[in-house]
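Protein chains in written order, with our numbering: chain A, 100 to 601; chain B, 100 to 601. Okay, structure first, notes after.
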């Protein structure tokens, strides 16, 4: 087959105004042939001007390409009502730009977890509702996204990951060696009738340590979050951790002989401080069975922001002060002391915490808690298992993105495909596919142009996908076992032998 | 502080039989001190024997470590009924070993998609039920995992990803430039009352091309699946693709003046060939309104396995034959002809396919379809949008794993953490954490031992996590700014300066 002697210097208007394949007549005419110019190195200036023309034109679907129309056959599936094109209320789609951000974020979650020697796990997004039925009046239970399945079982879209983790730990029993260091990145759901601009789903990064009773475990968890923050550019002047221990409350309650069985309930009420009026907190505590005297002492203790002051009030003998002192001493030694501060008002909103609790907060005070966690040494027995010392944290994907945006730290994550490969003749589609294969075998990303499109369109697409190189498969070069490579940033253009293409 | 003069040569029995920290009295005694031997290079033989002792002992929780008991405080959360520790029926947990396989599989899905220039997207796992209500009698609709949410909206756990993708494409409208090349890896659900050992959820890899009417799009999709198979070690002698076109059926139906509106329904009935008796198929087709003559011709055409034979019967003028011939010609040029074969009986079980359909099958015939896909040029209009040419495939995570297992191609994916760092004295916990930080800053994975454990335990853990190095932080070395590094494979041991640790 003789090469068609042509170059872009002789580009005919026809070439740029080829009928779209949306034309039904053409769509059927699958074997097309038209005079395709091959490129020789001297045609560089023309290629550049085609690129310039592409760059000048606005919009993505101009030129001979764009939104291809429908094929000829009449509708063959029945027409339904027009659907709502938005995702269900409170949920998100992840189009490519959102997905790139999510992938970047999850990659950082995973990388940090791996650096700390944690293993990834996951659980069903749909769990038995029983896993979340705790009687402490948590917000998380009121907002449970639960329903009855077709087999009349009560199920729920998981509101958090920890109960599933506890279930799996019990299931694994003696077959696993402790400590377990597990992490997960999973979607969690809640159902809110009221719309407060909050979503019904979010992704949560969890890291948990099972089997370590020492506060070193909490210290290591906070260390991993600090590592994450540093990786994404957040400093100790942006965020901090407020730390306390549920044992503080426990010691106060004991002093007033409040029964242990009220503990979780009291914690959940106290977690609402700052969210509802303090008079309501007092009323709730009293109706839960806490004496007026105890309520006053509790509220006073909760206002303490200094560990020394806490020790003065509780004495130095109890576990609450000992745990906290150890954590602050470890934070010093681990090198993140400037990130953490004691705040007795931190109790966290989950019923099952038993010891140290912490939450990450934005120092500007604009955002909700960034993450939170603590020790939950008694969770397994509430499921009928043997208790194991355990602690962990949850870190959502929403507040961190707000914070990064606010601090100008969101990464630039544009689409970038290394090569765009284009046949200059429909008969060379297979040749172009082979070129694409050669590059892909070398782990290079390739966008193969699948339609016969004018070069103007190809340059536009190359710009949109941030391609580094355009590789043109033309007849005359192909016959010599060559392709034309154009470096798009510099405009440099050369021929390369197929087996030297790297 | 003077170094404690000791070495492993002088290891006292006390050291290996330290009380567990499960002992409540010890658990409270947080600041412990015991004679910890530091290590000097000459003690290599002793370290080796400790390692040997660890290796000899079986089980994971022997020695002085293992399953730490509960902390002292009495239960503080209310005891619930004993929960079922298994995930809900038909769902899976992903403990670390399963998760490693899933991560490996998804990584391959993603890598192949990226090599082909596809962008990742995702959609809510919970969608409006309306997205899946098609009237063609698909199995997928009968098995819809649907329910009413607390706001009385009909919702469903997505049974497949394509309708969500179509929804997003309509939503994006003119803001995106065509063609779109999108991929997704997402969990899909179905509800089966009958247990046939099939699960209620699986993950599915989808790749879709929106905006390309040419068969090159289908050719590229099949090429990407072939690339995936090759990457994981599967050859053309293990699997193949059966290919046909829905236009074959369409042309036969037209010949017998069967209305277009029956098309999807007929396809869904025909997809059951081989699954239910042929007499039942015939009965279903007749009651759908297809004449006896047409049914006979349909069934005859469906038995054709040769494109030449098909052309003889349908003639060469129609789109069915032209599309298929072009696809086989492209397969030849793309270099995967040996992977594909024509089989008119392939119609696929989804209502919305309009053109080429294909499925990946195990050549030994033991497994269900590995993947399947096709062209769906009319889906968008069923949702009230403007149609766009589109094709895609779904590739589940279940059958491929069975196949890989069967062929001995499942990768060995053991946990591997590069370093295990251990303080030889509780006071050196912070020092050990600093050593861990130094290594993690160099992107090395580190398991930091968080408890005071005998060396025997540490060696066992090192073996379990396949650590390459054990780094011991002892008093005398630390004072000289050094740590002891032991290469676990060779037993080689040396001191390294902290700032030279790489």
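Cβ atoms here follow ideal geometry from the backbone N, Cα and C, with glycine treated the same way.
#### Entry: Simplified DSSP assignment, three categories, for residue 387 (chain A)
helix
### Query
Nearest-angstrom Cα distance between residue 189 (chain A) and residue 299 (chain A)?
5 angstroms
### Message
Going by DSSP in three states, residue 568 (chain B) sits in which element: helix, strand or coil?
### Response
strand
### Task
Excluding the 5 residues preceding and the 5 following residue 207 (chain B) in the sequence, name in chain order all residues of the same chain whose CB lies nearer than 8 angstroms to its CB.
327, 330, 331
### Message
Taking a contact to mean a Cβ-Cβ separation below 7 angstroms, would you say residue 441 (chain A) touches residue 342 (chain A) in this structure?
### Response
yes
### Query
What separation, rounded to the nearest whole angstrom, lies between the Cα atoms of residue 380 (chain A) and residue 397 (chain A)?
11 angstroms
### Query
Leaving out five residues before and five after residue 256 (chain A) in sequence, what residues of the same chain have Cβ atoms less than 7 angstroms from its Cβ?
224, 225, 244, 288
### Message
Spatial neighbours of residue 548 (chain B) within its chain, please: C-beta separation below 8 angstroms, excluding the five flanking residues on both sides.
### Response
519, 520, 521, 522, 531, 557, 560
### Whole-angstrom C-beta distance between residue 445 (chain B) and residue 339 (chain B), which should lie under 8 angstroms
Wrong, their Cβ atoms sit about 12 angstroms apart, outside the cutoff.
### Query
Do residue 453 (chain B) and residue 345 (chain B) have their CB atoms nearer than 7 angstroms?
yes
### Message
Using the Cβ count rule (16 or more neighbours within 10 Å means buried), how would you classify residue 219 (chain A)?
### Response
buried
### Query
Looking only at C-alpha atoms, which of B:468, B:406, B:474, B:491 sits nearest to residue 50 (chain B)?
In the structure as shown, chain B starts at 100 and stops at 601, and residue 50 (chain B) therefore has no counterpart that could be examined.
### Same chain only: Cβ atoms within 6 angstroms of residue 312 (chain B), ignoring 5 sequence neighbours per side
488
### Query
According to the Cβ coordinates, are residue 371 (chain A) and residue 387 (chain A) closer than 7 angstroms?
no
### Query
Is the CB of residue 528 (chain B) under 7 angstroms away from at least one CB in chain A?
yes
### Query
What residues are listed by DSSP as bridge partners for residue 592 (chain B)?
B:585
### Query
Which residues in the same chain have their Cβ closer than 8 angstroms to the Cβ of residue 274 (chain B), if we skip the five residues on either side of it in sequence?
none
### Query
Taking just the CA atoms, how far does residue 536 (chain B) sit from residue 571 (chain B)?
14 angstroms
### Message
For residue 187 (chain A) and residue 227 (chain B), what's the separation of their Cα atoms in angstroms?
### Response
6 angstroms
### Those runs of the alpha helix (DSSP H) which lie wholly inside the stretch 472–519 of chain A and span at least 4 residues
478–481, 498–505
### Message
Just list the residues that DSSP pairs residue 245 (chain B) with in beta bridges.
### Response
B:255
### Query
Does any residue of chain A bring its CB to less than 7 angstroms from the CB of residue 302 (chain B)?
no
#### Entry: residue 599 (chain A), enclosing alpha helix (DSSP H) - first and last residue
Careful: residue 599 (chain A) lies outside any alpha helix (DSSP H) and carries neither H nor E.
### Query
Between residue 315 (chain B) and chain A, is there a C-beta pair that is closer than 7 angstroms?
yes
### Those residues which DSSP pairs with residue 279 (chain B) across a bridge
B:309
#### Entry: Any C-beta of chain A under 7 angstroms from that of residue 186 (chain B)
yes
### Task
Examine chain B for any beta-carbon lying closer than 7 angstroms to the beta-carbon of residue 581 (chain A), and answer yes or no.
no
### Query
Hey, does residue 306 (chain B) have any beta-carbon neighbour from chain A nearer than 7 angstroms?
no
### Query
For residue 532 (chain A) and chain B, any beta-carbon pair shorter than 7 angstroms?
yes
### Query
Can you list, in chain order, the residues of its chain whose CB lies under 6 angstroms from that of residue 600 (chain B), leaving out five sequence neighbours each side?
537
#### Entry: Cross-strand partners of residue 344 (chain B) (DSSP beta bridge)
B:455
### Proximity below 7 angstroms, CB of residue 284 (chain A) to CB of residue 304 (chain A)
yes
### Query
Would residue 91 (chain B) count as contacting chain A if we go by Cβ distances under 7 angstroms?
The requested residue 91 (chain B) does not occur in the structure, where chain B is confined to residues 100 to 601.
### Query
For chain B, is any of its Cβ atoms less than 7 angstroms away from the one on residue 229 (chain A)?
yes
### Query
For residue 281 (chain A), does the count of other Cβ atoms within 10 angstroms reach 16, so buried, or fall short, so exposed?
buried
### Query
Where does residue 547 (chain B) sit, in a helix, a strand or coil, going by DSSP?
strand
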